[in-house]
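Residue 108 in full-length UniProt numbering is what sits at position 108 of the sequence shown, and the numbering runs on without skipping anything. So the structure is just underneath, and the comments pick up after that.
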Amino acid sequence: MNRNDTTARIAHVFRGTFVHSTPRAAVEILQNCVLGVDDKGKIAFIEKHQDVVSLLEIWGFETSDIKQLGQYEFLMPGMVDTHIHASQYSYAGTALDLPLLEWLNTYTFPVEAKYKDLDFANDVYTKVVRRTLKNGTTTACYFATIHTDASLLLGELADRFGQRALVGKVCMDCNSAVPQYKESPSECKEETDRFIKELLKKEYPNVKPVVTPRFAPSCSSSLLSELGEIANNNKLHVQSHISENKEEVELVKTLFPGCKSYTDVYLKHNLLTDRTIMAHGCHLTDEELEIFRETGSAVSHCPNSNISICSGMLNVRNVLNHKVKLGLGTDVAGGYSPSMLDAMRRTLDTSKALTIQDPQHKTLSFEEVFRLATLGGSEALSLDDQIGNFVVGKDFDALRVNVCVPDGPIDLFPGEGPKVILEKFLNLGDDRNITEVYMAGRRVVPFPDT
1 MNRNDTTARI AHVFRGTFVH STPRAAVEIL QNCVLGVDDK GKIAFIEKHQ DVVSLLEIWG
61 FETSDIKQLG QYEFLMPGMV DTHIHASQYS YAGTALDLPL LEWLNTYTFP VEAKYKDLDF
121 ANDVYTKVVR RTLKNGTTTA CYFATIHTDA SLLLGELADR FGQRALVGKV CMDCNSAVPQ
181 YKESPSECKE ETDRFIKELL KKEYPNVKPV VTPRFAPSCS SSLLSELGEI ANNNKLHVQS
241 HISENKEEVE LVKTLFPGCK SYTDVYLKHN LLTDRTIMAH GCHLTDEELE IFRETGSAVS
301 HCPNSNISIC SGMLNVRNVL NHKVKLGLGT DVAGGYSPSM LDAMRRTLDT SKALTIQDPQ
361 HKTLSFEEVF RLATLGGSEA LSLDDQIGNF VVGKDFDALR VNVCVPDGPI DLFPGEGPKV
421 ILEKFLNLGD DRNITEVYMA GRRVVPFPDT
């Protein structure tokens, strides 16, 4: 950032250890550095600490403004949850005894139908935004429900609490076992248009609409076409599900006999773009992954959910080898944990299970998984020009991590360097270790009311 921009003032200065990812390095550890954030929430500089005197002169802040990180503290980028159902949070941690299609009709659709009640929606959505922020999710890609007003409320709450969010009003017009939980194609189009118009009219700086067909089995061909047109005309993100379990894949073949594959369904309805994020993908073929690469569409890997409802195990290494964008998702409530730390751990577990099955499989490293939860997630959502790592000019979305909090979950021993400390946090840490959360330069955790 050029200091000639006289409108910029320094709002925060941190000195200590910074951990992030770059396109070249899965983990880059910057020790004894100074990072400045301007009053627009953007990273103004990141330099070695010995340059602090010249930085003081250039930027005009005081030595007393510098926040010194402790020996066992570091800053890392905020985590990006590329797939989470805010509307399912009320039963997270339960109802994991059925496969996907039965699970939807037995548990999910009856609960989601309740969001016509805005008091109910307000209670659940407030809790899920606060919980995910406390766990270090600075950006979330949310599924809401078919209810426009409740979906708008989710956007309002994300803005109020300071979470960067893509919010989707769910679209579905068929194959619901709950008769009141679907819309006609015309209703769905009208309400989606209203949702997009009203959310954009709010002009929230970091909350945007995302076009959200639930998944191909719950949408008619005409509805999918309408949604593809809406997304492309408004240059909006698209989110949905794909190839989560084998029964679902077979159902799609039956429902869309004119399409070569599950991926081809979305491709033919103009829903695969460089702003598309598709959850799961456990059973995508190599040919389908090629289409993802060609269109710039991304996959959200949701390992907790994939295992918890026995859907399958995504081979992340194969997706990355196809040069397909990939981020991580919690997929609450198919995934029982709202924490992206859990998503990282389950990603490693899945990769190791695949190695047990095939010793030739190259297991993911914790460094690679760290990148997927931060920079990878920002790339998957096509937000990597704004967030994902500590690059001058990007928004300061960051977590202050202390691995040595009183009564915390981590024990430390002499001689452990920053990389060991990072690995211990990723494997053992929880929200107690995340002492501060910043989104676009604004400190949002601890919450103002606590």
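Ideal Cβ positions, reconstructed from N, Cα and C, are used throughout, including at glycine.
List the endpoints of the continuous beta strand (DSSP E) containing residue i.
i: residue 240; result: 237-242
i: residue 47; result: 43-48
i: residue 208; result: 207-213
i: residue 277; result: 276-280
i: residue 402; result: 398-402
i: residue 84; result: 79-85
i: residue 168; result: 164-168
i: residue 380; result: Careful: residue 380 lies outside any beta strand (DSSP E), inside the alpha helix (DSSP H) at 377-380.
i: residue 194; result: From DSSP, residue 194 is part of no beta strand (DSSP E) but of the alpha helix (DSSP H) over 185-202.
i: residue 299; result: 298-301
i: residue 444; result: 442-445
Take residue i as the anchor and find which of the options has the nearest alpha-carbon.
i: residue 362; options: 381, 374, 316; result: 316
i: residue 432; options: 405, 441, 439, 237; result: 405
i: residue 43; options: 290, 396, 172, 435; result: 396
i: residue 22; options: 390, 290, 118; result: 390
i: residue 379; options: 304, 398, 327; result: 327
i: residue 150; options: 191, 139, 173; result: 191
i: residue 71; options: 388, 443, 409, 400; result: 400
i: residue 137; options: 158, 109, 79, 11; result: 79
i: residue 236; options: 53, 221, 195, 177; result: 195
i: residue 135; options: 24, 224, 176, 429; result: 429
i: residue 301; options: 253, 81, 68; result: 81
i: residue 117; options: 222, 187, 145, 30; result: 145
i: residue 174; options: 193, 105, 206; result: 105
i: residue 10; options: 31, 63, 83; result: 63
i: residue 293; options: 303, 274, 420, 343; result: 274
i: residue 276; options: 261, 238, 96, 218; result: 238
i: residue 19; options: 69, 56, 59, 38; result: 69
I'd like to know whether the C-beta of residue i is nearer than 8 Å to at least one C-beta of chain C.
i: residue 320; result: Given the protein chain composition of this structure (a single chain), no chain C is represented.
Run through DSSP, which three-state label would residue i get?
i: residue 130; result: helix
i: residue 66; result: strand
i: residue 33; result: strand
i: residue 307; result: helix
i: residue 328; result: strand
i: residue 4; result: Bear in mind that a pLDDT of 48 at residue 4, under 50, signals an unreliable position, so the number given afterwards is only what the model happens to contain. Residue 4: coil per DSSP, three-state reduction.
i: residue 40; result: coil
i: residue 436; result: strand
i: residue 406; result: coil
i: residue 344; result: helix
i: residue 323; result: coil
i: residue 24; result: coil
i: residue 350; result: helix
i: residue 145; result: coil
i: residue 11; result: strand
i: residue 94; result: coil
i: residue 138; result: strand
i: residue 273; result: coil
i: residue 413; result: coil
i: residue 284; result: coil
i: residue 124; result: helix
i: residue 448; result: coil
i: residue 75; result: strand
i: residue 178; result: coil
Tell me which residue opens and which closes the alpha helix (DSSP H) that residue i is part of.
i: residue 228; result: 221-234
i: residue 421; result: 418-428
i: residue 365; result: Residue 365 -> no alpha helix (DSSP H), and no H or E assigned at all.
i: residue 149; result: 148-161
i: residue 53; result: 52-59
i: residue 391; result: No alpha helix (DSSP H) holds residue 391; DSSP gives it neither H nor E.
i: residue 249; result: 246-255
i: residue 108; result: No alpha helix (DSSP H) holds residue 108; DSSP gives it neither H nor E.
i: residue 268; result: 262-268
i: residue 100; result: 100-103
Report back the beta-carbon spacing between residue i and residue j to the nearest angstrom; my notes put them in contact at under 8 Å.
i: residue 141; j: residue 375; result: With a Cβ gap of about 16 Å, residue 141 and residue 375 do not count as contacting.
i: residue 457; j: residue 14; result: Nothing in the structure corresponds to residue 457, since the chain is present only between 1 and 450.
i: residue 163; j: residue 129; result: 6 Å
i: residue 243; j: residue 281; result: 5 Å
i: residue 120; j: residue 114; result: 5 Å
i: residue 442; j: residue 41; result: 6 Å
i: residue 34; j: residue 49; result: 5 Å
inquiry  = Taking 8 Å as the cut-off, does the segment 299-317 touch the segment 347-364 (at least 3 CB pairs, one atom from each stretch)?
reply    = yes
request  = Count the CB pairs spanning the segment 257-273 and the segment 167-177 that are closer than 8 Å, and state whether there are at least three.
outcome  = no
query = Are the segment 177-187 and the segment 407-426 touching, with three or more C-beta to C-beta distances below 8 Å?
reply = no
Segment contact, 8 Å Cβ cut-off, at least three pairs: the segment 284-298 with the segment 331-343 = no
key: Three-pair Cβ contact test at 8 Å for the segment 143-160 versus the segment 89-104   = no
message = Below 8 Å, how does it come out for the segment 336-349 and the segment 293-311: are there three or more Cβ pairs, yes or no?
response = yes
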